[in-house]
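Student: Just so you know, we're using my numbering here: the sequence shown kicks off at 1 and counts up by one.
A virtual CB, placed ideally from N, CA and C, is assigned to each residue, including glycine.
First the structure, which I've put down as structure tokens, then a few questions once you've had a look.
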Amino acid sequence: MQVSAGKIVVLGTGGTIAGKAGVAGDNIGYVAGQVGVQDLLEAVPGLAQAAQGPLVVEQVAQIDSKNMEFAVWAALAHRCRAHLADDSVRAIVVTHGTDTLEETAWFLHSVLDARKPVVLTCAMRPATAIAPDGPQNLLDALAVANAPGARGVVSVCAGAVHGARQVQKVHPYRVDAFSSGEGGPLGWVEEGRVRLAQDWPQAQAGWAQSALEKIAAGAPWPRVEIVMNYAGASGSTVDALVRDGVQGLVVAATGNGTLHHALQAALERAQQAGVAVRVTTRCPLGQVLALPWAEAALPLASGLIPVKARVSLLLELLGAQPPAR
Ligand code: ASP
Numbered sequence: 001m002q003v004s005a006g007k008i009v010v011l012g013t014g015g016t017i018a019g020k021a022g023v024a025g026d027n028i029g030y031v032a033g034q035v036g037v038q039d040l041l042e043a044v045p046g047l048a049q050a051a052q053g054p055l056v057v058e059q060v061a062q063i064d065s066k067n068m069e070f071a072v073w074a075a076l077a078h079r080c081r082a083h084l085a086d087d088s089v090r091a092i093v094v095t096h097g098t099d100t101l102e103e104t105a106w107f108l109h110s111v112l113d114a115r116k117p118v119v120l121t122c123a124m125r126p127a128t129a130i131a132p133d134g135p136q137n138l139l140d141a142l143a144v145a146n147a148p149g150a151r152g153v154v155s156v157c158a159g160a161v162h163g164a165r166q167v168q169k170v171h172p173y174r175v176d177a178f179s180s181g182e183g184g185p186l187g188w189v190e191e192g193r194v195r196l197a198q199d200w201p202q203a204q205a206g207w208a209q210s211a212l213e214k215i216a217a218g219a220p221w222p223r224v225e226i227v228m229n230y231a232g233a234s235g236s237t238v239d240a241l242v243r244d245g246v247q248g249l250v251v252a253a254t255g256n257g258t259l260h261h262a263l264q265a266a267l268e269r270a271q272q273a274g275v276a277v278r279v280t281t282r283c284p285l286g287q288v289l290a291l292p293w294a295e296a297a298l299p300l301a302s303g304l305i306p307v308k309a310r311v312s313l314l315l316e317l318l319g320a321q322p323p324a325r
């Protein structure tokens with residue numbers, strides 16, 4: 001049944017969804033990013049009906065997303081931007097590895113004004129598995145792409161729909177590997193229908209569009225690293241990174257942004273030397289609360305998990321103005 005005008009573009013980047021193992025029963029000993037996205041789609045029964053219209057396929061990359069690179073992000077964002085601007089395209093689906101999906105989702109949310117759905121999907125089992133999860137995730141991604149009113153950068157895995165800000169990989173093996181934390185998912189896909197629990201995301205989408213333009217014009221990506229607080233932490237890693245020319249540092253602090261005094265001192269030294277420092281928490285839920293009565297020596301990273309705070313700081317150092325939260 002063809003019910004929608006416009007085409008859906010599927011951009012392949014690799015991942016376990018495109019992975020191959022030597023033995024069909026092997027769910028972990030495989031190589032990611034082996035099967036072309038066209039072949040992946042052709043292997044899914046019922047995909048043409050689920051698409052509800054023409055599908056266009058592009059292979060943007062073919063990598064294990066543990067090896068995600070800035071060049072792939074830039075290429076992916078540029079293809080998304082071109083397709084979002086094309087009136088004949090109604091939605092984009094991106095096949096991606098699970099390892100860095102949350103970073104790519106936040107990057108795309110930040111650099112794209114996605115008034116159409118951009119749906120990232122993935123798999124925890126390779127395409128060669130006895131019971132691969134990729135085919136159902138692809139069908140569910142198409143259901144989200146076709147859902148009335150869908151917009152923004154979202155991801156779909158194991159029947160749950162997550163927003164770019166909240167999504168996080170929380171399990172290294174289970175098929176249901178993602179969580180949106182305390183707020184729960186945006187909704188669920190059930191037998192090809194989306195049941196929403198929250199509205200589609202749009203707030204602050206595209207705040208870093210200017211950074212994408214700078215990258216296209218040849219600006220180098222800044223160097224931003226993540227450090228962590230833990231028992232016995234010292235400032236030596238931070239001092240070494242500053243000597244090595246780091247431009248930004250995100251710290252995964254303990255609890256409500258607390259830091260070992262030696263690490264705190266090193267981060268303040270780094271900040272005085274011109275390095276941009278942002279404080280997040282290593283706690284998986286919640287966000288650091290600022291003390292209302294005191295100016296913090298180090299700025300907070302507006303409620304993002306460390307890897308997403310790093311994406312935001314990269315974009316900020318490329319000149320984008322981060323949204324206030
Ligand atoms: N290492 C894989 C990747 O991120 C894992 C996966 O896709 O599940 O590409």
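In the DSSP assignment, what are the bridge partners of Thr-328?
Tutor: Residue 328 lies beyond the residue range present for the chain, which begins at 1 and ends at 325; the question has no answer from this structure.
Student: Alpha carbon to alpha carbon, how far is Gly-192 from Leu-139?
Tutor: Your numbering for residue 192 matches position 192 in the sequence shown. Your numbering for residue 139 matches position 139 in the sequence shown. Their backbone Cα atoms lie some 7 Å apart in a straight line.
Student: Beta carbon of Gly-248, beta carbon of Val-275: below 8 Å?
Tutor: Numbered from its first residue, the sequence shown carries residue 248 at position 248. Numbered from its first residue, the sequence shown carries residue 275 at position 275. Cβ atoms of Gly-248 and Val-275: closer than 8 Å.
Student: Starting from the N-terminal side, write out each stretch of the alpha helix (DSSP H) that is 4 residues or longer and does not extend beyond the stretch 10 to 58.
Tutor: Here the runs fully enclosed are 37 to 42, 47 to 51.
Student: Helix, strand or coil: which one does DSSP assign to Trp-73?
Tutor: Position 73 of the sequence shown, counting from 1, holds the residue named residue 73. Trp-73: helix per DSSP, three-state reduction.
Student: Closest to Asn-67 by CA distance: which of Leu-101, Val-57, Gln-59, Ser-88 is it?
Tutor: As a first step, residue 67 is located in the sequence shown; it is residue number 67 there, counting from the start. With distances taken between Cα atoms, Asn-67 lies closest to Leu-101.
Student: Can you find a heavy atom of the ligand ASP that lies under 7 Å from the Cβ of Ala-71?
Tutor: Taking the sequence shown and counting its residues from 1, the one referred to as residue 71 is at position 71. Ala-71: no, Cβ never under 7 Å from the ligand ASP.
Student: From the DSSP secondary-structure annotation, give me the bridge partner or partners of Gln-62.
Tutor: Along the sequence shown, read from residue 1 onward, the residue named residue 62 stands at position 62. In the DSSP output, where bridge partners are listed per residue, Gln-62 has none listed.
Student: Given 7 Å as the limit, tell me if Lys-66 has its C-beta closer than that to any heavy atom belonging to the ligand ASP.
Tutor: Position 66 of the sequence shown, counting from 1, holds the residue named residue 66. Yes - the ligand ASP has a heavy atom lying nearer than 7 Å to the Cβ of Lys-66.
Student: Check each candidate in Val-44, Gly-36, Leu-40, Trp-221 and name the one with the smallest Cα separation from Ser-312.
Tutor: Here the question's residue 312 lines up with position 312 in the sequence shown. When each option's Cα is compared against that of Ser-312, the closest is Trp-221.
Student: Taking the Cβ atom as the reference point for each residue, do Asn-137 and Ala-114 lie within a distance shorter than 8 Å?
Tutor: As a first step, residue 137 is located in the sequence shown; it is residue number 137 there, counting from the start. As a first step, residue 114 is located in the sequence shown; it is residue number 114 there, counting from the start. Not closer than 8 Å, so no.
Student: Apart from the five residues on each side of it in sequence, which residues of its chain come closer than 7 Å, Cβ to Cβ, to Pro-132?
Tutor: As a working mapping, residue 132 is identified with position 132 in the sequence shown. Excluding positions up to five away in sequence, the list reads Ala-123, Arg-125, Pro-126.
Student: If I'm right that Gln-252 touches Arg-278 with Cβ under 8 Å, what's the distance once you round it to whole angstroms?
Tutor: Translated into positions along the sequence shown, residue 252 becomes position 252. Translated into positions along the sequence shown, residue 278 becomes position 278. The amino acid at residue 252 is misidentified as Gln; the sequence shows Ala. No, Ala-252 and Arg-278 are not in contact; Cβ-Cβ is about 10 Å, not under 8 Å.
Student: Whose CA, out of Asp-87, Lys-20, Arg-81, lies closest to the CA of Ala-5?
Tutor: Along the sequence shown, read from residue 1 onward, the residue named residue 5 stands at position 5. Checking every option, the nearest Cα to that of Ala-5 belongs to Asp-87.
Student: Run the CB neighbour count on Arg-174, radius 10 Å, all protein chains shown included, and call it buried at 16 or more, exposed below.
Tutor: Translated into the one-based positions of the sequence shown, residue 174 becomes position 174. Exposed, since its Cβ has fewer than 16 Cβ neighbours within 10 Å.
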